[in-house]
Each structure stands twice: as C-alpha cells, then as structure tokens.
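What the sequence shown shows, in my numbering, is residues 28 to 177, in sequence order. Ideal Cβ placement from N, Cα and C applies to all residues, glycine included. Right, one structure below, let's go through it.
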Amino acid sequence: MFRSLPILALLFLFFSNNSFAKSSSEQLQELLQQHKGSVIYVDFWASWCGPCRKSFPWMNEMQSKYDNLKIISINLDQNKELATEFLTNTPANFSIIYDPKGRLAKQYKVQGMPSSYIFNKDGELVNAHIGFTEAKQKAYELELQEFMKE
C-alpha cells in the first residue's frame with residue numbers, strides 16, 4: 028500500500044498539470060457563470076505593465092466595496108514566476124486566471140495593457156476600456172455603479 032503512494036503522487040502531478048487541468052477559457056466561462064447576477068469586471072494584465080500595477084489597488088478597493096461586483100483578472104505572462112512576483116508585491120483580492128498562450132486575449136481582441144471588459148448582471152458584454160490611469164478611477168467607478176443599479 029505505502030509503496031504505491033509515490034506512484035499515485037506522480038500520477039496526480041502529471042494529470043493535474045496536463046489534459047485534466049481546465050483551460051483558461053474554461054476557467055473564465057466557469058467564473059462568468061458562477062457570478063451571473065453580478066456585474067463582472069474582467070481585466071487583462073501582465074507583470075511588465077506599469078499601469079497594471081496602478082490598477083490593482085483600485086480593483087482591490089472596488090472588489091471590497093461592492094458585493095454585487097466581481098473582478099476577474101487574466102494574466103498574460105508567458106512565465107508564471109513573473110506573475111507570482113508581481114502578485115507578491117501587488118496582491119489581489121480577486122480571481123486570477125493564467126493565460127500564458129494569450130488565447131483569451133486573442134478572443135477578446137486585447138489592444139493594450141491593461142484592458143478591461145465589463146459584463147452586466149445578465150452576463151452581456153456592455154463596455155471595454157484600454158489602459159488605466161488614476162484620473163479615470165472615479166469615472167470607471169461611476170460606470171460600474173450604473174451597471175450595478177440595472
């Protein structure tokens with residue numbers, strides 16, 4: 028019995044890192060479905076993106092402030108260690124999906140970093156933004172509040 032434990036552990040590691048792991052697209056669809064009925068703010072980012080670093084404190088604040096808002100971030104770094112280092116210095120209190128091959132970025136036609144997409148309570152894509160500055164924070168929050176009222 029105990030001799031088979033290392034083999035079982037290796038099998039678990041193999042399958043959890045391969046075909047049985049959910050794709051980034053599947054993870055996003057699952058989260059969108061799970062949070063239907065809330066306004067959802069999907070944000071694409073990368074560790075090298077300066078404005079992304081500035082957007083994280085704002086997204087943390089929005090996530091904490093509004094119960095009917097869900098933030099999902101999608102990291103596009105090819106090297107997950109870069110994203111991990113970024114998150115160590117700039118923590119997130121929201122969901123993070125790793126998309127190192129950029130499949131979701133292609134699907135959403137991401138033009139710049141960060142890019143955000145807003146889904147209403149019915150799960151419909153209703154707006155998108157490219158970039159982030161502190162000057163836009165209030166306008167973005169007001170826009171989210173309007174969608175949360177609907």
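Between I99 and I67, the CB-CB gap stays under 8 Å.
Taken through DSSP and simplified to helix, strand or coil, L152 comes out as strand. Counting every other CB atom within 10 Å of its CB across the protein chains shown gives P141 a total of 16 or more, marking it as buried. Between D149 and the set S51, S52, K49 and L59, the nearest pair of CA atoms involves L59.
Counting only residues of its own chain and dropping the five nearest sequence neighbours on each side, I157 has a CB closer than 7 Å to the CB of Q138, G139 and S142.
In the assembly as shown, S91 is an exposed residue. Its beta-carbon has fewer than 16 other beta-carbons within 10 Å.
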